[in-house]
Structures are given as C-alpha cells and as structure tokens.
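Enquirer: Numbers in this note's numbering are just positions in the sequence shown, counted from 1, shifted up by 161.
Glycine is no exception: its CB is placed at the ideal position from the N, C-alpha and C atoms.
All of these numbers come straight from a predicted model, not from anything done at the bench.
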Amino acid sequence: MSPSAEQREEVNRVSLKSLYVTHDGPVVKVCFNTPENGNAITDRVLDDLLAVLGAVHDRPDIRVVVFSAAGENFCTGGDRREYGEQLAMDPSGTGLRTTGGKARRVCDALATTNAVTIARLHGQVIGAGLALALFCDLRVGADDCRFRLPELALGLPTAWGGSLSRLLQEAGAARIRELILTGSGFDAAQAERLSVLHRVVPEAELDRVVEEWTRPVIRRSASALRVTKTLLNAYAAGNRLADTSLLDAELMASVIAGRSDHS
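#1: With G344 as the anchor, note down where its beta strand (DSSP E) starts and where it stops.
#2: So the beta strand (DSSP E) V361 belongs to, where does it begin and stop?
#3: Using the Cβ count rule (16 or more neighbours within 10 Å means buried), how would you classify D305?
#4: With C-beta atoms as the reference, is A272 less than 8 Å away from N394?
#5: Return the CA-CA distance between E353 and H359, expressed in angstroms with no decimal places.
#6: Using the Cα positions of A334 and L328, report the straight-line distance between them to the nearest angstrom.
#7: Tell me which same chain residues have a C-beta within less than 6 Å of the C-beta of A270, skipping the five on either side of it?
#8: Measure the CB-CB distance between D209 and K190 and report whether it falls below 8 Å.
#9: Do you know how far the Cα of T203 is from the Cα of Y181?
#10: Taking 8 Å as the CB-CB cut-off, is L257 touching chain C?
#11: If you follow the alpha helix (DSSP H) that T375 is in, where does it begin and where does it stop?
#12: Note the first and the last residue of the continuous alpha helix (DSSP H) segment covering V206.
#13: Taking the straight line between their C-alpha atoms, what separation do you get for E372 and E366?
#14: Beta-carbon separation of V277 and L295 under 8 Å?
#15: Taking just the CA atoms, how far does L291 sit from G284?
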C-alpha cells in the first residue's frame with residue numbers, strides 16, 4: 162500500500178535541533194548536525210534519534226536509513242560536560258540512568274528497525290559514536306577515519322547502549338579486549354580487518370558506496386527484508402548466553418556517581 166501524504170511528511174516533521182533529516186521515497190537520510198561540539202551525543206540527540214527511529218519503524222515504504230554527519234567528525238562520543246551537569250543536579254545519578262536508558266532504546270531501535278541502516282563515517286568515530294555505527298547493518302568509512310574506545314581511560318565502563326555485546330559480536334573478543342584495555346586508537350584499515358567497517362574508500366567516494374548499497378535494497382520486498390533482519394538478530398542473540406547489556410545504564414550511572422562521591 163502506498164504511503165499517504167501525511168506519512169511521507171511524518172519523518173521530516175520530527176526534526177530537529179540536533180539532526181538534519183531528509184526523506185526521499187524509500188530512503189531516509191539522517192545527518193548529525195552539531196559540528197560545533199564534534200557531533201557529541203547529548204540527551205537532545207538521543208531524543209531526536211528516538212523520534213526519527215520511531216517515525217520510520219514498521220514503515221514498509223522506507224527501505225533504507227542512512228546516518229552521516231556534518232563537519233569534520235562523525236561523532237566524538239558522549240558529552241562529558243552534560244554528564245557533569247546531570248550529576249551536579251542529582252548526585253545519585255538518576256539523570257545519568259535516564260540518559261543511559263535512552264541510549265539503550267536508540268541502539269535497540271537501530272538493531273530492530275525493518276529498514277536497512279547504513280553508517281557513512283568520516284573523521285573521528287569515538288565511544289558512543291562508534292556504538293551507534295556498530296548498530297547499523299552496513300558501515301562504510303573514509304580512509305582517514307580514526308576510531309577509539311576511550312571509556313576506561315576516562316574512568317568509565319564500556320557500557321553505552323549495549324555496545325560491548327555488539328562489539329564482541331561484530332569484531333571478536335580478543336581484539337576488542339586489547340582495544341578497550343589499552344584505549345588505543347585504530348584506523349580505517351584496521352577497522353575493516355575487525356569488521357567494524359565493511360568498506361573503506363576515500364571520503365569523496367562515500368556517497369557512491371552508500372548508493373551502491375541502497376540501489377538493490379530499495380528493490381527488495383518489504384516483508385522479506387523484515388523477516389531477514391529478524392532472523393539475523395535472532396541468530397546473533399542465540400550466540401549470547403546472557404545479555405548483561407541490560408545493566409549498562411545502571412553501571413554507567415553507578416560508576417560516575419561513585420567517582421563523584423570519592424572526588
């Protein structure tokens with residue numbers, strides 16, 4: 162059934178202080194649009210992402226959602242200044258738990274939306290930004306991309322939106338253990354070897370790869386796409402004995418609040 166005019170405009174209407182969203186037929190493009198702070202993930206960004214993902218969820222007319230970013234970097238991670246402000250307002254960490262819960266819902270929505278999600282990456286892709294990219298189905302990066310998991314160096318657990326289980330699932334435990342414990346950055350070539358990236362190209366060719374992936378997907382049956390993504394998620398979940406990522410928001414808030422108590 163063809164979407165109504167109201168449905169076609171729904172995605173555009175959710176917009177947006179932190180995101181720039183365009184809807185062109187079966188393709189929705191979501192651009193992180195706060196380059197002044199490195200496209201850091203704030204509470205506002207999470208709210209906007211939840212609004213957009215809610216608008217595209219279960220929409221059979223939308224086959225592809227592409228995530229990109231304005232400015233020099235895709236995303237420099239979570240907004241530590243905002244974490245500090247939340248903690249100052251409530252030292253028990255309630256605000257941090259709320260933000261952590263939103264992060265989890267965003268990542269769940271990325272993983273379970275019926276559309277194929279594509280991350281178009283450039284510049285720095287750090288922490289929460291890397292987590293969001295990992296929850297996309299397909300990831301292409303510019304050859305000058307730099308990645309990092311800085312949480313442990315900042316005194317935090319690697320607990321954002323269920324990202325640790327996704328990292329281990331996508332890239333393997335041995336190498337991810339090294340990257341988390343050392344906090345070492347890695348480049349696009351290494352990211353491709355780890356399956357963090359599916360493709361690496363010069364930045365000028367990113368749109369070409371996104372289009373190359375998009376063309377066949379928009380011709381697929383909506384029901385076949387939905388079932389295939391459900392199967393992929395089900396088999397991935399079957400490889401995990403327990404999903405401790407449900408505790409991520411609590412872990413993050415407890416550690417940050419605990420550090421404040423002893424500072």
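Expert: Considering the structure as presented:
#1: Within the sequence shown, numbered from 1, the residue matching residue 344 stands at position 183. Premise fails: G344 is in no beta strand (DSSP E) and is neither H nor E.
#2: Walking along the sequence shown from the start, residue 361 turns up at place 200. Element bounds for V361: R360 to V362.
#3: Here residue 305 refers to the residue found at position 144 of the sequence shown. By the neighbour-count rule (16 or more Cβ atoms within 10 Å), D305 is not buried but exposed.
#4: Position 111 of the sequence shown, counted from the first residue, corresponds to residue 272. Position 233 of the sequence shown, counted from the first residue, corresponds to residue 394. Contact flag set, yes.
#5: In the sequence shown, counting from the first residue as 1, residue 353 sits at position 192. In the sequence shown, counting from the first residue as 1, residue 359 sits at position 198. Approximately 6 Å between the Cα atoms of the pair.
#6: Your numbering for residue 334 matches position 173 in the sequence shown. Your numbering for residue 328 matches position 167 in the sequence shown. In a straight line, the C-alpha of A334 is about 8 Å away from that of L328.
#7: As a working mapping, residue 270 is identified with position 109 in the sequence shown. So the list reads L214, once near-sequence residues are dropped.
#8: Within the sequence shown, residue 209 is the residue found at index 48, counting from 1. Within the sequence shown, residue 190 is the residue found at index 29, counting from 1. No, they are not a contact pair.
#9: For this step, residue 181 is matched to residue 20 along the sequence shown. For this step, residue 203 is matched to residue 42 along the sequence shown. Spanning the two alpha carbons is a distance of roughly 15 Å.
#10: Among the chains of the structure shown, chain C does not appear; only one protein chain is present.
#11: Locating residue 375 in the sequence shown gives position 214, counting from the first residue. Counting along the chain, the alpha helix (DSSP H) containing T375 begins and ends at L367 to V378.
#12: Here residue 206 is taken as the residue at index 45 of the sequence shown, counted from 1. Counting along the chain, the alpha helix (DSSP H) containing V206 begins and ends at D204 to V217.
#13: The residue given as residue 372 occupies position 211 in the sequence shown. The residue given as residue 366 occupies position 205 in the sequence shown. In a straight line, the C-alpha of E372 is about 10 Å away from that of E366.
#14: In the sequence shown, residue 277 corresponds to position 116, counting from 1. In the sequence shown, residue 295 corresponds to position 134, counting from 1. In this structure, L295 does not lie closer than 8 Å to V277 by Cβ.
#15: Along the sequence shown, read from residue 1 onward, the residue named residue 284 stands at position 123. Along the sequence shown, read from residue 1 onward, the residue named residue 291 stands at position 130. Cα to Cα, G284 sits roughly 12 Å from L291.
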